[in-house]
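There are 2 protein chains.
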Amino acid sequence: MMSAASPPESARRDELLERAYEYVLAHGLAGISLRPLAAAVGSSPRVLLFLFGSKDGLVRALLARARAQETELLARPPGEGGAAAAGLRVWTWLAADEHRGLLRLWVESYARSLIDPVGPWDEFARETVDDWLALLAAAQPASIRETEAAVAERTLVLAVLRGAMLDLLATGDRERTTRAVRDCLVPLRRRS
Amino acid sequence: MMSAASPPESARRDELLERAYEYVLAHGLAGISLRPLAAAVGSSPRVLLFLFGSKDGLVRALLARARAQETELLARPPGEGGAAAAGLRVWTWLAADEHRGLLRLWVESYARSLIDPVGPWDEFARETVDDWLALLAAAQPASIRETEAAVAERTLVLAVLRGAMLDLLATGDRERTTRAVRDCLVPLRRRS
DNA sequence: GTGCTACTGAAACGACTGTTTCAGTAGGAT
DNA sequence: ATCCTACTGAAACAGTCGTTTCAGTAGCAC
Chain Y
1 MMSAASPPES ARRDELLERA YEYVLAHGLA GISLRPLAAA VGSSPRVLLF
51 LFGSKDGLVR ALLARARAQE TELLARPPGE GGAAAAGLRV WTWLAADEHR
101 GLLRLWVESY ARSLIDPVGP WDEFARETVD DWLALLAAAQ PASIRETEAA
151 VAERTLVLAV LRGAMLDLLA TGDRERTTRA VRDCLVPLRR RS
Chain D
1 MMSAASPPES ARRDELLERA YEYVLAHGLA GISLRPLAAA VGSSPRVLLF
51 LFGSKDGLVR ALLARARAQE TELLARPPGE GGAAAAGLRV WTWLAADEHR
101 GLLRLWVESY ARSLIDPVGP WDEFARETVD DWLALLAAAQ PASIRETEAA
151 VAERTLVLAV LRGAMLDLLA TGDRERTTRA VRDCLVPLRR RS
């Protein structure tokens, strides 16, 4: 009944997961398959299945690994100064070159979870919206946090960040997208 | 050398394309395969291959079909009043329930083209950014259209629309997302 | 009738998928 | 030496994939 749960901790598992994660950042998650992946990380399909239980288990572990990197940012003290100020800080993180692969993976998983609501992606899109809205909420003064205006402000800040990120991923134009984000968020910052 | 180009026009082809398009709006483009698709549209893999040349050809035709529906909106007179005003009009189109499937398909294709720069998706992401920026540019007064501020305004409007759309697709919360879009674009409207 | 074009069905091809079966090997504990 | 756990290699399984091969059928032109 336990359906072949994989050993959740193991040095070898961690090592292969890390290498698989790098592979996935470069090649995406959609078209992945065990044999090429195993060859790239210096292992075999047999071992990956042994360590992760199934392909789904591997994908789940990879998504968790990606989320851990995202949480790096989320866990940092969100700071104060309102959602707009927090949004500006988040943007410098999003626009950094070294996060490009992670963000591509993020978009891919988001899209996938919109279409295929079953499988390892599950509620990825909805969860991640909630994660980020919560981060922005934490930056708002507690006294107004539950007002409709505050909710709308968070939603707006998140939308601008996500939309600019999509643009940046497609065009690579950091200057133009950064200017747009600043034009929106800097004036907004005064009010909180 | 002609690599089996498919007959580009044919009544039967149009009919099957239309039905395949409906199937794709419901099931997504990523995990598509000929046999289930053929069964769903009342045909066979053999016929789809005959009419579209290859699976890639079919996908390309489906993307073109989707783009045609999008162009419906793009072709309408963009109107004046600046990019923000145009953005507000576009949002009512984006937020309409009957476009949900198309937008999911859009996100999926966008994500795919970021990762897999070869194949039918090709430059989909970049092209679509340019399409929409051009639409918004057309709504700006010609006199300021080429200024940096105008470029930034277009970029911002597009980012808000895209980001809010992502939120809407994941949460279905039209009220909250619409409020965010309005909060951003209505004040912006005065200035042009 | 013959010929031509458009379309279709059935079956097979080779390549690839996730997964399983069986048979190990290396290392440490007892 | 024995046992146990952790890991691994090779091969096969059943299934799906896009595509091809071969053999048609229906309709219209002449």
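Protein chains in written order, with the working numbering: chain Y, 1 to 192; chain D, 1 to 192. Ideal Cβ positions, reconstructed from N, Cα and C, are used throughout, including at glycine. Please read all numbers here as calculations on a predicted model, not as lab measurements.
*Using a cut-off of 8 Å between C-beta atoms, extract the partners of Y:Tyr-110 located in chain D.*
Counting from 1 along the first sequence, the entry for residue 110 of chain Y is found at position 110. The answer, in chain order, is Val-107, Ala-111, Leu-166, Ala-170.
*Are the C-beta of Y:Val-129 and some C-beta of chain D separated by less than 8 Å?*
The residue given as residue 129 of chain Y occupies position 129 in the first sequence. Taking Cβ atoms only, chain D reaches closer than 8 Å to Y:Val-129, which makes this a yes.
_Y:Arg-182 to Y:Thr-92 span [Cα, whole Å]_ = As a first step, residue 182 of chain Y must be located in the first sequence, where it is residue number 182. As a first step, residue 92 of chain Y must be located in the first sequence, where it is residue number 92. For Y:Arg-182 and Y:Thr-92, the distance between alpha carbons rounds to 11 Å.
*Can you tell me whether Y:Ser-113 is buried or exposed, with buried defined as 16 or more other CB within 10 angstroms of its CB?*
Indexing the first sequence from 1 puts residue 113 of chain Y at position 113. It is buried - the Cβ of Y:Ser-113 has at least 16 other Cβ atoms within 10 Å.
*Alpha-carbon to alpha-carbon, D:Ala-95 and D:Val-213*: Residue 213 of chain D cannot be examined here, being either before or after the span of chain D that is shown, 1 to 192.
*What residues from chain D crowd round Y:Gly-258, counting only those whose CB sits closer than 8 Å?*
For residue 258 of chain Y there is no data in the structure shown, the boundaries of chain Y being 1 and 192.
*Classify Y:Arg-162 as buried or exposed, calling it buried when 16 or more other Cβ atoms lie within 10 Å of its own Cβ.*
Indexing the first sequence from 1 puts residue 162 of chain Y at position 162. Y:Arg-162 comes out buried.
*Measure the C-alpha to C-alpha separation of Y:Phe-52 and D:Ala-142 and round it to an integer number of angstroms.*
The sequence position of residue 52 of chain Y within the first sequence is 52, counting from 1. The sequence position of residue 142 of chain D within the second sequence is 142, counting from 1. Going by the C-alpha atoms only, they are around 59 Å apart.
_Extent of the continuous alpha helix (DSSP H) to which D:Asp-14 belongs_ = Residue mapping note: residue 14 of chain D aligns to position 14 of the second sequence, counting from 1. Element bounds for D:Asp-14: 11 to 27.
*Given a limit of 9 Å on CB to CB distance, which residues of the region 11 to 35 of chain Y reach chain D?*
His-27, Gly-28, Leu-29, Ala-30, Gly-31
_Using the Cβ count rule (16 or more neighbours within 10 Å means buried), how would you classify D:Arg-179?_
As a working note, residue 179 of chain D is residue 179 in the second sequence. So D:Arg-179 ends up on the buried side.
*In whole angstroms, what is the alpha-carbon distance linking Y:Arg-13 and Y:Leu-103?*
Along the first sequence, read from residue 1 onward, the residue named residue 13 of chain Y stands at position 13. Along the first sequence, read from residue 1 onward, the residue named residue 103 of chain Y stands at position 103. Cα-Cα distance, rounded: 24 Å.
*For Y:Asp-116, which three-state DSSP category applies?*
Here residue 116 of chain Y refers to the residue found at position 116 when the first sequence is read from its first residue. Looking at Y:Asp-116 - three-state DSSP - the assignment turns out to be coil, as it is neither helix nor strand.
*To the nearest whole angstrom, what separates the beta carbons of Y:Trp-132 and Y:Leu-158, a pair I think is in contact under 8 Å?*
Within the first sequence, residue 132 of chain Y is the residue found at index 132, counting from 1. Within the first sequence, residue 158 of chain Y is the residue found at index 158, counting from 1. Between Y:Leu-158 and Y:Trp-132 the Cβ distance is about 5 Å, and since that is below 8 Å, they are a contact.
*Taking 8 Å as the cut-off, decide whether the C-beta atoms of D:Gly-79 and D:Arg-89 are in contact.*
As a working note, residue 79 of chain D is residue 79 in the second sequence. As a working note, residue 89 of chain D is residue 89 in the second sequence. Yes, the Cβ-Cβ distance between D:Gly-79 and D:Arg-89 is below 8 Å.
*Compare the beta carbon distance of Y:Leu-188 and Y:Ala-66 with 8 Å and say whether it is the shorter of the two.*
Looking up residue 188 of chain Y in the first sequence gives position 188. Looking up residue 66 of chain Y in the first sequence gives position 66. It is not a contact, given that the beta carbons lie outside the stated cut-off.
*Could you confirm whether any beta carbon from chain D is found closer than 8 Å to the beta carbon of Y:Ala-180?*
As a position in the first sequence, residue 180 of chain Y is number 180, starting the count at 1. Yes - at least one Cβ of chain D is within 8 Å of the one on Y:Ala-180.
_Extent of the continuous alpha helix (DSSP H) to which D:Arg-65 belongs_ = For the purposes of this step, residue 65 of chain D is identified with residue 65 of the second sequence, where counting begins at 1. Note, D:Arg-65: alpha helix (DSSP H), 55 to 75.
*D:Ser-109, DSSP secondary structure in three states*: Along the second sequence, read from residue 1 onward, the residue named residue 109 of chain D stands at position 109. D:Ser-109: helix per DSSP, three-state reduction.
*State the Cα-Cα distance for the pair D:Ile-144 and D:Val-41, rounded to the nearest angstrom.*
Reading the second sequence from its first residue, position 144 is the one you call residue 144 of chain D. Reading the second sequence from its first residue, position 41 is the one you call residue 41 of chain D. Each residue's alpha carbon lies about 50 Å from the other.
*Tell me where the alpha helix (DSSP H) around Y:Pro-8 begins and ends.*
Taking the first residue of the first sequence as 1, we reach residue 8 of chain Y at position 8. First-last for Y:Pro-8: undefined, no H or E at that position.
*Checking contacts by CB at 8 Å: is D:Ile-115 closer than that to chain Y?*
The residue you call residue 115 of chain D lines up with position 115 of the second sequence. Nearest CB-CB separation between D:Ile-115 and chain Y: below the 8 Å threshold.
*Between D:Ala-134 and Y:Val-47, what straight-line distance do the alpha-carbon atoms span, to the nearest angstrom?*
Along the second sequence, read from residue 1 onward, the residue named residue 134 of chain D stands at position 134. Along the first sequence, read from residue 1 onward, the residue named residue 47 of chain Y stands at position 47. C-alpha separation (whole angstroms): 51 Å.
*Establish whether the CB of D:Arg-65 and some CB of chain Y are separated by less than 8 Å.*
Indexing the second sequence from 1 puts residue 65 of chain D at position 65. Taking Cβ atoms only, chain Y never reaches closer than 8 Å to D:Arg-65, which makes this a no.
_Which of the three DSSP states is assigned to Y:Gly-42 in this structure?_
Stepping through the first sequence from its first residue, residue 42 of chain Y is reached at position 42. Y:Gly-42 falls in the coil class under three-state DSSP.
*Closer than 8 Å at the beta carbon, the chain Y residues around D:Thr-155*: Working through the second sequence from its first residue, we reach residue 155 of chain D at position 155. Chain order gives the chain Y residues near D:Thr-155 as Ala-164, Asp-167, Arg-176, Thr-177, Arg-179, Ala-180, where near means a beta carbon separation below 8 Å.
*Can you give me the Cβ contacts of Y:Asp-130 inside the same chain, cut-off strictly under 6 Å, excluding the 5 residues immediately before and after it?*
For the purposes of this step, residue 130 of chain Y is taken as the residue at position 130 of the first sequence. Cβ contact annotation for Y:Asp-130 (same chain, cutoff 6 Å, sequence separation greater than five): none.
_Three-way DSSP call (helix, strand, coil) for D:Glu-153 in this model_ = Position 153 of the second sequence, counted from the first residue, corresponds to residue 153 of chain D. Helix at D:Glu-153.
_Delimiting residues of the alpha helix (DSSP H) encompassing D:Gly-82_ = Taking the second sequence and counting its residues from 1, one reaches residue 82 of chain D at position 82. D:Gly-82 -> alpha helix (DSSP H) spans 82 to 94.
*Could you tell me which chain Y residues have their CB closer than 8 Å to the CB of D:Arg-152, listed as they occur along the chain?*
The residue you call residue 152 of chain D lines up with position 152 of the second sequence. In the sequence as presented, Arg is not what sits at residue 152 of chain D; that position holds Ala. Those are Arg-176, Arg-179, Ala-180, Asp-183, listed as they occur along chain Y.
*Quick one: Cα of D:Ala-150 to Cα of Y:Glu-123, how far?*
Position 150 of the second sequence, counted from the first residue, corresponds to residue 150 of chain D. Position 123 of the first sequence, counted from the first residue, corresponds to residue 123 of chain Y. Going from the Cα of D:Ala-150 to the Cα of Y:Glu-123 covers about 38 Å.
*Look at the alpha carbon of D:Pro-45 and the alpha carbon of D:Leu-34, and state the distance between them as a whole number of angstroms.*
Within the second sequence, residue 45 of chain D is the residue found at index 45, counting from 1. Within the second sequence, residue 34 of chain D is the residue found at index 34, counting from 1. Computed Cα separation, rounded: 6 Å.
_Of the residues D:Phe-50, D:Val-24, D:Ala-26, the one placed nearest D:Glu-9, counting alpha carbons only_ = If you number the second sequence from 1, residue 9 of chain D lands on position 9. Minimum Cα distance to D:Glu-9 is reached at D:Phe-50.
*Who are the near neighbours of D:Leu-105 in its chain, counting only those whose CB is closer than 8 Å to its CB and skipping five residues on each side?*
Walking along the second sequence from the start, residue 105 of chain D turns up at place 105. Excluding sequence neighbours, D:Leu-105 sits near Val-24, Leu-25, Gly-28, Leu-29, Ala-66.
*Verify whether the separation of the beta carbon atoms of Y:Leu-136 and Y:Ala-86 is less than 8 Å.*
By 1-based counting over the first sequence, the position of residue 136 of chain Y is 136. By 1-based counting over the first sequence, the position of residue 86 of chain Y is 86. In this structure, Y:Ala-86 lies closer than 8 Å to Y:Leu-136 by Cβ.
*asked:* When you compare the CB positions of Y:Tyr-110 and D:Leu-166, do they come within less than 8 Å of one another, or not?
replied: Counted from its first residue, the first sequence places residue 110 of chain Y at position 110. Counted from its first residue, the second sequence places residue 166 of chain D at position 166. In this structure, D:Leu-166 lies closer than 8 Å to Y:Tyr-110 by Cβ.
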